[in-house]
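Chemist:
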Amino acid sequence: SFYSDKAGKTNMGLGQLNLSFAYKIRMRDEHFFSGGLQLGIVQRMAFYEDIKWDRQYNGVGHDPLLPSGETKLPDNHSYFDAGVGLVWDYVPQKKFRVKCGLALSHLNMATSSYFDDGTDKLNLKTVFHGGGELVIDEQFTIIQEINEENLKIFNHNKEKIGYQWYSEYFVDLIAAAGRFSGQKITK
(Lines of atoms letter the chains of each structure in order from A and count residues from 1; the text may use other names and numbers.)
(Lines give C-alpha, C1' and ligand atoms only; values in the text may rest on other atoms or scores of the structure.)
Protein backbone atom coordinates (compact mmCIF):
# COMPACT_ATOMS: atom_id res chain seq x y z
CA SER A 1 0.00 0.00 0.00
CA PHE A 2 1.06 3.58 -0.53
CA TYR A 3 0.03 6.65 1.45
CA SER A 4 0.92 10.28 0.79
CA ASP A 5 -0.16 13.41 2.63
CA LYS A 6 1.18 16.90 1.84
CA ALA A 7 0.08 20.37 2.94
CA GLY A 8 1.02 24.01 2.59
CA LYS A 9 3.57 25.86 0.48
CA THR A 10 6.35 23.62 1.74
CA ASN A 11 4.48 20.41 0.84
CA MET A 12 5.27 19.30 4.38
CA GLY A 13 4.05 15.79 4.68
CA LEU A 14 4.52 12.11 4.89
CA GLY A 15 4.92 9.39 2.30
CA GLN A 16 4.64 5.75 3.29
CA LEU A 17 5.10 2.52 1.34
CA ASN A 18 4.10 -0.75 3.04
CA LEU A 19 4.52 -4.34 1.94
CA SER A 20 2.18 -6.84 3.57
CA PHE A 21 2.53 -10.61 3.76
CA ALA A 22 -0.05 -13.03 5.16
CA TYR A 23 -0.58 -16.76 5.34
CA LYS A 24 -3.55 -18.85 6.45
CA ILE A 25 -3.38 -22.51 7.45
CA ARG A 26 -6.05 -25.01 8.44
CA MET A 27 -5.19 -26.51 11.83
CA ARG A 28 -8.13 -28.94 11.90
CA ASP A 29 -11.34 -29.20 9.93
CA GLU A 30 -12.92 -26.14 11.54
CA HIS A 31 -9.90 -24.27 12.98
CA PHE A 32 -7.88 -21.80 10.91
CA PHE A 33 -4.84 -19.78 11.93
CA SER A 34 -3.57 -16.70 10.06
CA GLY A 35 -0.46 -14.65 10.51
CA GLY A 36 0.65 -11.45 8.88
CA LEU A 37 3.66 -9.17 8.66
CA GLN A 38 3.83 -5.60 7.42
CA LEU A 39 7.09 -3.83 6.63
CA GLY A 40 7.19 -0.22 5.59
CA ILE A 41 9.36 2.76 4.90
CA VAL A 42 8.17 6.23 5.85
CA GLN A 43 9.55 9.55 4.65
CA ARG A 44 8.79 12.87 6.35
CA MET A 45 9.56 15.80 4.10
CA ALA A 46 9.25 19.53 3.55
CA PHE A 47 10.58 21.78 0.79
CA TYR A 48 11.56 25.29 1.88
CA GLU A 49 12.60 26.86 -1.44
CA ASP A 50 9.35 28.75 -2.03
CA ILE A 51 8.90 30.16 1.48
CA LYS A 52 8.98 33.94 1.93
CA TRP A 53 10.26 34.94 5.37
CA ASP A 54 9.45 38.24 7.09
CA ARG A 55 13.16 39.09 7.36
CA GLN A 56 13.46 38.92 3.56
CA TYR A 57 11.18 41.94 3.14
CA ASN A 58 13.42 44.85 2.09
CA GLY A 59 10.89 47.67 2.57
CA VAL A 60 9.60 47.46 -1.01
CA GLY A 61 9.05 43.75 -1.58
CA HIS A 62 10.40 40.28 -1.06
CA ASP A 63 14.14 39.80 -1.67
CA PRO A 64 15.08 36.07 -1.67
CA LEU A 65 18.79 37.00 -1.46
CA LEU A 66 18.35 38.37 2.09
CA PRO A 67 18.96 35.85 4.89
CA SER A 68 15.81 34.33 6.38
CA GLY A 69 17.08 34.38 9.96
CA GLU A 70 16.03 30.77 10.38
CA THR A 71 18.83 28.73 11.93
CA LYS A 72 17.28 25.27 12.20
CA LEU A 73 14.69 24.07 9.72
CA PRO A 74 13.27 20.57 10.15
CA ASP A 75 15.17 17.93 8.19
CA ASN A 76 13.69 15.49 5.73
CA HIS A 77 14.19 11.98 7.02
CA SER A 78 13.09 8.37 6.59
CA TYR A 79 12.51 5.48 8.97
CA PHE A 80 11.36 1.88 8.86
CA ASP A 81 8.10 0.68 10.41
CA ALA A 82 6.92 -2.86 11.14
CA GLY A 83 3.84 -4.68 12.41
CA VAL A 84 2.57 -8.22 12.95
CA GLY A 85 -0.81 -9.83 13.47
CA LEU A 86 -2.37 -13.19 14.31
CA VAL A 87 -5.96 -14.42 13.88
CA TRP A 88 -7.68 -17.62 15.01
CA ASP A 89 -10.87 -18.44 13.08
CA TYR A 90 -13.31 -21.16 14.20
CA VAL A 91 -15.93 -22.26 11.65
CA PRO A 92 -17.77 -25.33 13.03
CA GLN A 93 -20.57 -25.06 10.46
CA LYS A 94 -21.50 -22.99 7.40
CA LYS A 95 -23.86 -20.69 9.31
CA PHE A 96 -21.68 -19.94 12.35
CA ARG A 97 -18.15 -18.62 12.91
CA VAL A 98 -16.07 -17.05 15.70
CA LYS A 99 -12.75 -15.26 15.29
CA CYS A 100 -10.26 -13.37 17.43
CA GLY A 101 -6.90 -11.80 16.83
CA LEU A 102 -4.11 -9.57 18.02
CA ALA A 103 -2.12 -6.99 16.05
CA LEU A 104 0.98 -5.04 17.05
CA SER A 105 2.11 -1.95 15.13
CA HIS A 106 5.25 0.22 15.29
CA LEU A 107 7.33 -2.67 16.68
CA ASN A 108 10.60 -0.78 16.28
CA MET A 109 9.20 2.42 17.89
CA ALA A 110 11.05 4.62 15.37
CA THR A 111 11.71 8.33 15.86
CA SER A 112 9.16 10.23 13.79
CA SER A 113 10.19 13.80 14.61
CA TYR A 114 11.50 16.24 12.03
CA PHE A 115 14.16 17.22 14.57
CA ASP A 116 17.09 15.10 15.72
CA ASP A 117 16.30 15.20 19.45
CA GLY A 118 14.86 11.64 19.42
CA THR A 119 12.03 12.42 21.85
CA ASP A 120 9.14 11.95 19.41
CA LYS A 121 8.99 8.17 18.99
CA LEU A 122 6.14 6.12 17.56
CA ASN A 123 4.55 4.19 20.38
CA LEU A 124 3.70 0.52 20.25
CA LYS A 125 0.08 0.06 19.25
CA THR A 126 -1.84 -3.07 20.25
CA VAL A 127 -5.22 -4.07 18.88
CA PHE A 128 -7.31 -7.00 20.07
CA HIS A 129 -10.25 -7.84 17.86
CA GLY A 130 -12.86 -10.54 17.75
CA GLY A 131 -16.28 -11.30 16.50
CA GLY A 132 -18.84 -13.77 15.38
CA GLU A 133 -21.40 -14.38 12.67
CA LEU A 134 -24.66 -16.28 12.81
CA VAL A 135 -26.55 -16.74 9.55
CA ILE A 136 -30.31 -16.70 10.22
CA ASP A 137 -31.48 -17.31 6.65
CA GLU A 138 -30.61 -16.25 3.10
CA GLN A 139 -31.40 -12.60 3.86
CA PHE A 140 -30.27 -12.04 7.47
CA THR A 141 -27.02 -12.50 9.34
CA ILE A 142 -26.20 -11.35 12.89
CA ILE A 143 -22.65 -10.04 13.19
CA GLN A 144 -21.00 -9.06 16.47
CA GLU A 145 -17.60 -7.36 16.46
CA ILE A 146 -15.30 -6.29 19.30
CA ASN A 147 -12.28 -4.03 18.85
CA GLU A 148 -9.94 -2.98 21.70
CA GLU A 149 -7.17 -0.60 20.76
CA ASN A 150 -4.39 0.69 23.00
CA LEU A 151 -2.14 3.46 21.80
CA LYS A 152 0.19 5.32 24.12
CA ILE A 153 0.09 8.82 22.64
CA PHE A 154 1.45 11.18 25.24
CA ASN A 155 5.19 10.63 25.46
CA HIS A 156 7.29 13.76 25.83
CA ASN A 157 10.90 13.85 26.98
CA LYS A 158 10.67 10.14 27.87
CA GLU A 159 7.93 10.81 30.44
CA LYS A 160 4.82 8.67 30.14
CA ILE A 161 1.92 11.08 30.54
CA GLY A 162 -1.09 9.04 29.47
CA TYR A 163 -2.74 6.42 27.33
CA GLN A 164 -5.52 6.47 24.81
CA TRP A 165 -7.98 3.58 24.81
CA TYR A 166 -10.46 3.03 22.05
CA SER A 167 -13.17 0.41 22.35
CA GLU A 168 -15.86 -0.48 19.91
CA TYR A 169 -18.61 -3.01 20.49
CA PHE A 170 -21.49 -3.44 18.14
CA VAL A 171 -24.07 -5.95 17.03
CA ASP A 172 -25.44 -5.58 13.54
CA LEU A 173 -28.29 -7.21 11.72
CA ILE A 174 -27.18 -7.36 8.11
CA ALA A 175 -29.67 -7.95 5.35
CA ALA A 176 -29.08 -8.40 1.66
CA ALA A 177 -29.54 -5.47 -0.75
CA GLY A 178 -33.13 -6.46 -1.55
CA ARG A 179 -34.23 -5.26 1.89
CA PHE A 180 -33.65 -1.65 0.89
CA SER A 181 -35.30 -1.81 -2.51
CA GLY A 182 -38.24 -3.99 -1.50
CA GLN A 183 -37.21 -6.57 -4.09
CA LYS A 184 -37.11 -10.27 -3.41
CA ILE A 185 -33.58 -11.63 -3.51
CA THR A 186 -33.09 -14.30 -6.13
CA LYS A 187 -30.01 -16.27 -7.07
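Letter 94 of the sequence shown, counting from 1, is numbered 149 in our numbering, and no numbers are missing. In this text, a Cβ means the ideal position worked out from N, Cα and C, and glycines have one as well.
For the pair the segment 184-196 and the segment 113-131, tell me if three or more CB-CB distances fall below 8 Å.
Modeler: The segment 184-196, when compared against the segment 113-131, does not touch it at the 8 Å Cβ threshold.
Chemist: Quick one: using the 10 Å Cβ neighbour count with 16 as the cut-off for buried, is Leu74 buried or exposed?
Modeler: Leu74 comes out exposed.
Chemist: What residues in its chain sit with their C-beta under 7 Å from that of Leu128, if we drop five residues either side in the sequence?
Modeler: The answer, listed in chain order, is Tyr103.
Chemist: With a cut-off of 8 Å, do at least 3 Cβ pairs link the segment 80-88 to the segment 142-152?
Modeler: Output reads yes: the segment 142-152 touches the segment 80-88.
Chemist: Reducing DSSP to helix, strand and coil, say where Arg83 ends up.
Modeler: DSSP places Arg83 in coil when its eight states are reduced to three.
Chemist: Take Lys150 as the anchor and find which of Ile198, Ser168, Leu162 has the nearest alpha-carbon.
Modeler: Closest by alpha carbon: Ile198.
Chemist: Let me check understanding here. Comparing Cα to Cα, which of Met100, Ala77, Gly90 lies closest to Ala62?
Modeler: For the residues Met100, Ala77, Gly90, the minimum Cα distance to Ala62 belongs to Met100.
Chemist: DSSP state of Asp192, grouped into three classes?
Modeler: Residue state, collapsed to three classes: coil.
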